[in-house]
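Chains as they are written, first to last, in the working numbering: chain A, 2 to 375; chain B, 2 to 375; chain C, 67 to 442; chain D, 67 to 442.
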Amino acid sequence: MSINLQGIINLGEREDYIRELTMNRPLATIPFAGRYRLIDFTLSNMVNSGIDSISLIVKNKFHSLNDHIGPGKDWDLDRKTGGLRILYPDMQPDLNLISVGDIPVVRSNLSHFSSIKKDYILLTRSNYIGNINYRPAFEEHVKKGSDITILTRHIRNGRARVELLGMDIVQKRNNSYTIGRNLGNQNDFDLSIEMFIMKKSVFLRIIHDAIEEGAEAFLKKAIISRLGEYKVSTYTIEDDILPIHSIQQYYNASLAILDPAYAEYLFYKHGKIYTKAKDAPSTLYAAGSEVNHSLIANGCVIEGTVENSIIFRDVHIGRGAVVRNSIVFQDTDISTGANLNYCIVDKFVHVGKGKVLMGDGGLPYVIKKGVSIR
Amino acid sequence: MSINLQGIINLGEREDYIRELTMNRPLATIPFAGRYRLIDFTLSNMVNSGIDSISLIVKNKFHSLNDHIGPGKDWDLDRKTGGLRILYPDMQPDLNLISVGDIPVVRSNLSHFSSIKKDYILLTRSNYIGNINYRPAFEEHVKKGSDITILTRHIRNGRARVELLGMDIVQKRNNSYTIGRNLGNQNDFDLSIEMFIMKKSVFLRIIHDAIEEGAEAFLKKAIISRLGEYKVSTYTIEDDILPIHSIQQYYNASLAILDPAYAEYLFYKHGKIYTKAKDAPSTLYAAGSEVNHSLIANGCVIEGTVENSIIFRDVHIGRGAVVRNSIVFQDTDISTGANLNYCIVDKFVHVGKGKVLMGDGGLPYVIKKGVSIR
Amino acid sequence: MIHSKVVAMILAGGQGSRLKNLTRKTAKPAVHFGGKYRIIDFTLSNCANSGIHSVGILTQYQPLALNTHIGTGVPWDLDRRSGGVEVLPPYMSTEGGRWYAGTANAIYENIDFIDLHDPEYVLILSGDHIYKMDYREMISFHRSTNADVTVSVIEVPWEEASRFGILNTKDDDVIYEFDEKPAEPKNNLASMGIYVFNWKLLRRYLREDHKNKDSTHDFGADIIPEILRKGHRMMAYRFRGYWKDVGTVESYWEAHMDLLDPNNELRLYDDDWKIYTKNLDAPPHYISAEGHVENSLLNEGCVVYGTVRNSILSTSSVIEKGAVVEDSIILPYAVVGKNAVLKKTIVLSHHKVAEGEALGSDDTITFAGTHDMGIL
Amino acid sequence: MIHSKVVAMILAGGQGSRLKNLTRKTAKPAVHFGGKYRIIDFTLSNCANSGIHSVGILTQYQPLALNTHIGTGVPWDLDRRSGGVEVLPPYMSTEGGRWYAGTANAIYENIDFIDLHDPEYVLILSGDHIYKMDYREMISFHRSTNADVTVSVIEVPWEEASRFGILNTKDDDVIYEFDEKPAEPKNNLASMGIYVFNWKLLRRYLREDHKNKDSTHDFGADIIPEILRKGHRMMAYRFRGYWKDVGTVESYWEAHMDLLDPNNELRLYDDDWKIYTKNLDAPPHYISAEGHVENSLLNEGCVVYGTVRNSILSTSSVIEKGAVVEDSIILPYAVVGKNAVLKKTIVLSHHKVAEGEALGSDDTITFAGTHDMGIL
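The following block contains the structure:
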């Protein structure tokens, strides 16, 4: 039976971190883990937590998202009531303008938010990877009677971790919570993972206030600056969660999946991760292929060597080709004798015979979608 | 078995004719005939002709369309391959601008058009009402080997018909076709109903040329100005087709359905007209109600008098209320003793007790969505 | 709040021969009802509105109309990736083929299906009752009273109690005895044939019952008494509201007349608990200048040139000029010819009443048509 | 170009006992095949790719796995408002219940279902063959040759012809005789059990056949010979390409080995004629640092710590450290324990081969596991 919680996934946030992979797609549809897109994790976590009504706030680059999600059948969200609802910005017929931030998209869809049938909402983004059960946090929120619950991860020995710089941290002062930026001065702290559970009434009041006051361009900022007005709690998520805020974090999170224990957690713990069905056939390992410590999707033909890498669907690795420490997106062809190390190869790339491409673990070499290297 | 023809419905055309009903909705979703929206007729005609892959070019006011169409199940268009695909304009992340005309939307979706699997396309709009079988025109197009077939209606004694002024007419000069505007000078002529069957390759060449040359803002104009370059035929549609270009045409077309012979044609001839299921219960006629020559949708409670009118779903006509020569959209309440004549009442209107609203057959009185007249 | 998996199993196997011409070629749950529905729509919509997304329908009798009606389950939002609505007919195994021998046997034969969903509770429903019920409330009650089994009951007038299966309860609604059509009823709580079982418990009793050669494999006659005998906690859940078994032609007709009362308790105009059905894609109905309709229900696709009083016209039925229809039920796509006069008549779907024909009387319910194919 | 309505009827009723452990608890069409498919996926995908959207599946034997697999038909885009895929089990009518008595009888019992779609042609298919075929071409051939019946045939080696149902044809491929397993074949065109019938004609012959007490109600044995006897025009449609009846354990295993040939004629990597199946939502497969795989097919969810040669690993199967798998088929969710050694073995789904166990030999095909439940 379904849960009294509406999912809202905000894709309208700033996403200029990973420009190399977001030229033609939003952050939400960056390919991940051999057959998924980033948003699959958030969508599946919601569905597996019993959420059957989800709104998606989008601002631009709709095509990639529409392509991936279609009518929503793969997540069982093609429903008459509830299901998945994509909230587009409104283009005024006369002005043909939309402005900065995600608040204008929220404004264009006010009637949708008012018509939500659930009493609580869960607001998230699409760029945190994990297998998360939202139920305990939700139950705690209801039990405590909070207006807003900020979901957090507790970080120990965080001072040394460069990758956490600039991320949101939660602090409690004078009995009220604030969310600011991590400048690396603290060692033990609560990281905000940009997920909030709220009473629907509170969410509606915040967006109405934000639109009327006109001070903020972004929804997250609108919430943060009003925390003082509400009864706020935090809830620490114990599940492992990897933020994807940079190409480096993307690369590291990808390779993390080669740890079978982590993969077991990520793909199965609270339920499966769903994605668009592609109906790819089995992967064929030719005699003479050599694959070690790698994650390989269906539909590939592997004739060469693959090590410590992630290979997406319908990739061909030619005879004698060597792919190491790399991530190869779907429908790419690595020709005979080519040699790749520390590369992220986008979709529909052709790497010609004998070509050598070497990046670095600290700065992987990104080969853009559709490029042909002859 | 499916037909080798892709439907393309262009909702990006100018639509400033019926402002009263298009404040919050595109022309395509204007309610019509008691339970439909205008686009239902085009969509259903395509589906009934065997077209199973349809692209919808939209420019703005997405919400109403998304609400109505959802995942497309009501038209059996929620398909893995083919089905309904909505083509949105691209909003450049930096510019956040879209420009005049529908060509920019076409440009944003070039890759979609290139990937069409069918060899022929049928380009239409949503504001022509009829029950049309596209197969004969398509078969003729293929048999003749035409590049472009312009679908037409032949008009006799058209000089006197004011409602046809300004509409597109097709003429043949020096063996080539032109499409221009009807200024009322001709008596017998071929009206273009803004429907074109083309080879996909021709369609792709026209849109590429139009984008490269940059001369036109609208797709229709781009086609018309290039007719001379292609092998063009016309095909006369024999089925009755009513254009909806003005509030007057809308009103007349609505009342035309009260002729049972016309209704029999419009709702059944080549297949049924599909629309979004609303699951409204039966309509209850109370003792003392008096309904004559009217079309009434489900879910209504009729306690008063209705004559020569169209009543949409979930309308309440109170005791002693009189509705004549009017069109009442869904979820509207006409209270006890109110009296309406020649009105078009939009959704969610409340007409208070004893109120009298009188329009004229030549200029129906439009009461806007959500208005409450106390 | 707590996530609990519930599977609903709808018993829809009966032939329903007391519905006479209506069920000659159609399973009872697929019989047209209320102008636009079929009987099973009420139970299916109750499931959908209660948030129950795994539903099995047990049927073995003329299932074509039922299958065609249910399709993939779209009208009830039950076209699910996992779960959803599934029709479960009898099948052959290595031991040969077996038809369902009783209500309990039908569930027994589908233990594998239920296990697939690994539910905590199984809700047993009947496909031939007209009512609106939020099963969530019954399940909450079941859970909060720590019951092993909960039976939904409705208070019936004491003088009618001997026509029902009566549940005898203690003061706290704990059931201690099941009394099938008692000559001298000790209670007036009638079983509605709606049960919540803890699945593990039911599973065990079904397996035992299957081995018992003396059993008729029926819930009311065998399973419920046996569970009571073993001392499990069985609760009576009191339902208040409209509930009608439309198992006879008389009750079928009465239930229709109930709908004409604008204040009837079924409240079909309530948007918060819609009854869903297959959309037949018919246009709004049309009443001509000479047509006259009063105290009646009309549906999409109807065309009325004659007079209709105190009647229900189903989808796409036609009343021709001069015809008079009173106290009658016209099923889908039926036609009442010119100047025909009907009184208290059920016109079967697609049947045409001939021009000038006069049918029916105040005394009894008359059928026009010999059998209803059920398929549109 | 011309719109013609075709209904495909897939005969999926057989128990398939020659598949032994594979079909003990599962209908043959639902048997796992090729690492990620079930046998019926090939026929269903052929229908979908041929643009045939009305498909009936006739089944009566252990249908749970088949039903669960097909669901609402989404993988094949057959979840349609009208038409789509429907499983058609036997049912009861006023005359009582009847199990399907033969292939023709199964179609006879579902005449109402076919009539609902009012088709011009009915395509009779078998649910247990592995092949890719564009039925549109066969129907075009049927239409352009003005045939009443068209039978799809494949050329078999002359020396094997006596193992098949052989169609004797004149020079223009007009069939004049059907020869079931002829001792001395006159022809080498074997029937593939795929028929196109003009529906009106077939309907008539099915009704006559039903009345005939001497008939076995089988297409090959009764309907086809009778239609030929009456002199109707029956054409042989020559199919070229991969086609395999996987009705025995040997042919099942051989068909798998065929898949390992990168140039096999089935061409599963062809994007223009995909074989669709239910998505099991497993992640990509993982090969560990010590794992070794050669000349094998792997699928989503597999985890390999051991050595795999010349084998097919189905979805989510696991090969533990030190295990060696050769010439084998591992069905979904099976586990091959540490240091186990398999040769020419079929490991049934969910079965676990114990640590260190050695199974199989070059000579014969060995099963690990007693029966396959078929359900995932």
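Built from N, CA and C at the ideal position, the CB exists for glycine as well. Keep in mind that this is a model prediction, so the values were computed, not measured.
| query | result |
| --- | --- |
| Rounding to the nearest angstrom, what Cα-Cα distance links Y396(B) and W76(B) in this structure? | No information on residue 396(B) is available, as it lies outside the stretch 2 to 375 that chain B covers here. |
| Is there a Cβ from chain D that is less than 9 Å from the Cβ of V140(C)? | yes |
| Taking 9 Å as the threshold (C-beta atoms), are L397(D) and S22(D) in contact? | Residue 22(D) lies beyond the residue range present for chain D, which begins at 67 and ends at 442; the question has no answer from this structure. |
| With DSSP collapsed to three states, give me the class of P95(C). | helix |
| Is G319(B) closer than 9 Å to E304(B) when the C-beta atoms are compared? | yes |
| Using a Cβ-Cβ distance cut-off of 9 Å, determine whether I289(C) contacts chain D. | no |
| Kindly indicate if chain A contains any beta-carbon less than 9 Å away from that of H119(C). | yes |
| Please classify R146(D): is it buried, with 16 or more other beta-carbons within 10 angstroms of its beta-carbon, or exposed? | buried |
| Does F204(A) pass the burial test, meaning 16 or more other C-beta atoms within 10 Å, or should it be called exposed? | buried |
| Does the Cβ-Cβ distance between I149(A) and V233(A) come in under 9 Å? | yes |
| On the DSSP bridge list, what partners appear for E221(C)? | L255(C) |
| Considering Cα atoms alone, identify which of W142(C), T138(C) and G313(C) is closest to H195(C). | G313(C) |
| Mind checking which residues open and close the beta strand (DSSP E) that includes E392(D)? | V390 to E392 |
| Output the boundary residues of the beta strand (DSSP E) element that contains E356(D). | That residue, E356(D), is in no beta strand (DSSP E); it is neither H nor E in DSSP. |
| Is it buried or exposed for R306(C), if we count other Cβ within 10 angstroms and need 16 for buried? | exposed |
| Would you mind stating whether I52(B) and L6(B) have Cβ atoms separated by less than 9 Å? | yes |
| When you compare the CB of A34(A) with every CB in chain B, is at least one pair closer than 9 Å? | no |
| Excluding sequence positions up to five away, which residues of its chain have a Cβ less than 8 Å from the Cβ of F139(B)? | I4, L6, S50, Y121, L123 and I198 |
| From the DSSP output, in three-state form, read off I441(D) for me. | coil |
| Which residue's Cα is closest to the Cα of I205(D): Y261(D), L332(D), I76(D) and K296(D)? | Y261(D) |
| Using a Cβ-Cβ cut-off of 9 Å, state whether P282(A) counts as contacting chain B. | no |
| Tell me the DSSP secondary structure of P365(A) in three-state form. | coil |
| Where does the unbroken alpha helix (DSSP H) through M323(D) begin, and where does it stop? | V315 to L325 |
| Quick check: N128(A) and H64(A), are their CB atoms within less than 9 Å of each other? | no |
| Determine which residues of the stretch 41-68 of chain A have a Cβ less than 8 Å from any Cβ of chain B, and write them out in chain order. | K60, N61, K62, F63, H64 and N67 |
| Under a CB-based cut-off of 9 Å, is R314(B) close to chain A? | no |
| If we count the other Cβ atoms within 10 Å of its Cβ and call it buried at 16 or more, is N183(A) buried or exposed? | buried |
| Which whole-angstrom value describes the C-beta separation of G131(B) and D260(B), a residue pair presumed to lie in contact below a C-beta threshold of 8 Å? | Their Cβ separation, rounded to whole angstroms, is 14 Å, which puts G131(B) and D260(B) out of contact at 8 Å. |
| Which of helix, strand or coil does DSSP assign to A418(C)? | Note on identity: in this sequence residue 418(C) is Lys, with Ala being the wrong assignment. Residue state, collapsed to three classes: strand. |
| Using the beta-carbon count (16 or more within 10 Å), is T237(A) buried or exposed? | exposed |
| Looking at the strands, I want to know which residues DSSP matches up with C344(B). | Y366(B) |
| Could you tell me whether any Cβ in chain C is nearer than 9 Å to the Cβ of T337(A)? | no |
| Would P94(B) count as contacting chain A if we go by Cβ distances under 9 Å? | Confidence in P94(B) is poor, its pLDDT being 43 and thus under 50, which makes the residue's placement unreliable; the coordinate value appears in the next sentence. It does; some Cβ of chain A falls within 9 Å. |
| Please report the straight-line C-alpha distance between L332(C) and V240(C), rounded to a whole angstrom. | 28 Å |
| Going along chain D in order, which residues have a C-beta closer than 7 Å to the C-beta of T134(C)? | L182 |
| If we cut at 9 Å on Cβ distances, does S290(B) have a partner in chain C? | yes |
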